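To start, the structure under review is shown below, and the notes come after it.
This is the structure in structure tokens:
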């Protein structure tokens with residue numbers, strides 16, 4: 593099969609995970625070639641199909657919706673590429689404008705020149721535009737898992753989330769905890785070690801827990817129930833995979849059922865937590 597790639601080669605060349613490729617296959621979205629021994633190989637047709645799936649996912653479609661779209665018949669790959677190029681070119685032009693402005697401001701500062709109000713307003717505008725772009729990307733992603741009212745709750749709450757470390761350090765802590773939990777699996781969810789991991793998890797989650805409504809909590813749960821399908825997409829990586837998430841979910845439920853102290857949780861969850869009896 594010299595005109596096709598193994599699953600390992602597709603992973604290496606595309607950045608997708610083998611788990612995602614198998615998941616697409618399980619959902620009936622792709623059908624890779626199989627050798628007599630069962631090894632998967634992906635030819636041009638399968639790779640074009642994967643490109644369509646990834647493109648439609650970036651547009652915010654769920655896999656169920658993608659299945660319906662792709663089931664309608666052949667799609668114009670050239671048109672999809674044109675759409676991607678339009679987005680990239682618009683973003684490139686925007687970044688070029690911002691780069692020119694920053695270079696000019698840096699040059700003026702080097703000459704100890706004061707910045708005029710118009711330039712300062714432009715800097716503020718560009719900062720706001722970058723932030724709104726990040727929010728738009730998040731909303732496109734979140735729309736797969738929650739309705740607009742819940743997204744609005746997240747948007748209102750995000751500015752009030754108070755974390756005592758930088759985002760880089762916070763993300764590093766999640767990756768460290770996720771790696772340690774993954775290395776310990778399989779582990780009984782009702783064990784003492786599991787409770788320890790749950791307490792660490794809840795401590796890291798505290799900035800969100802302090803502002804989360806029940807709807808936000810369920811929205812986040814829906815997102816992470818599907819983590820293996822989107823992890824790494826668009827730079828979104830929570831630091832753990834589906835196996836870790838399922839373990840933490842089971843361990844949390846087991847601890848709450850026993851009346852264990854699992855650390856900081858939302859006030860509404862505390863009210864619904866079973867209390868220990870004497």
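Numbering (my numbering), first residue to last: 593 to 870.
We put the beta carbon where it would ideally sit given N, CA and C, even for glycine.
Please read these numbers as outputs of a predicted model, since none were measured by experiment.
Name the residue from the options whose alpha carbon lies nearest to the alpha carbon of residue i.
i           : options            : result
residue 693 : 710, 680, 681      : 710
residue 770 : 761, 663, 789      : 789
residue 607 : 851, 815, 823      : 823
residue 622 : 628, 642, 611      : 642
residue 802 : 733, 753, 814, 745 : 753
residue 762 : 800, 740, 744, 699 : 800
residue 677 : 664, 647, 697, 658 : 647
residue 631 : 834, 598, 657      : 598
residue 595 : 739, 609, 610, 625 : 625
residue 737 : 695, 686, 811      : 811
residue 735 : 649, 605, 633, 639 : 649
From residue i to residue j, what distance separates their C-alpha atoms?
i           : j           : result
residue 602 : residue 817 : 25 angstroms
residue 645 : residue 777 : 32 angstroms
residue 620 : residue 662 : 11 angstroms
Is residue i helix, strand or coil by DSSP?
i           : result
residue 832 : coil
residue 626 : strand
residue 774 : helix
residue 619 : coil
residue 823 : coil
residue 634 : strand
Taking all protein chains shown into account, do 16 or more other C-beta atoms lie within 10 angstroms of the C-beta of residue i, making it buried, or fewer, making it exposed?
i           : result
residue 750 : exposed
residue 544 : Outside the shown range of the chain, which is 593 to 870, sits residue 544, and nothing can be said about it.
Among the residues of its own chain, which have a CB less than 6 angstroms from the CB of residue i, if the five just before and after it don't count?
i           : result
residue 773 : 789, 836
residue 609 : none
Leaving out five residues on either side along the sequence, give the residues of the same chain with a beta carbon under 8 angstroms from the beta carbon of residue i.
i           : result
residue 766 : 796, 830, 831, 832
residue 821 : 612, 615, 655
residue 819 : 830, 832, 833, 834, 837
residue 804 : 749, 812, 858
Once you ignore the five residues that flank residue i on each side, which residues in its own chain have a CB closer than 7 angstroms to its CB?
i           : result
residue 781 : 839, 842, 843, 846
residue 807 : 742, 745
residue 852 : 787
residue 791 : 854, 855
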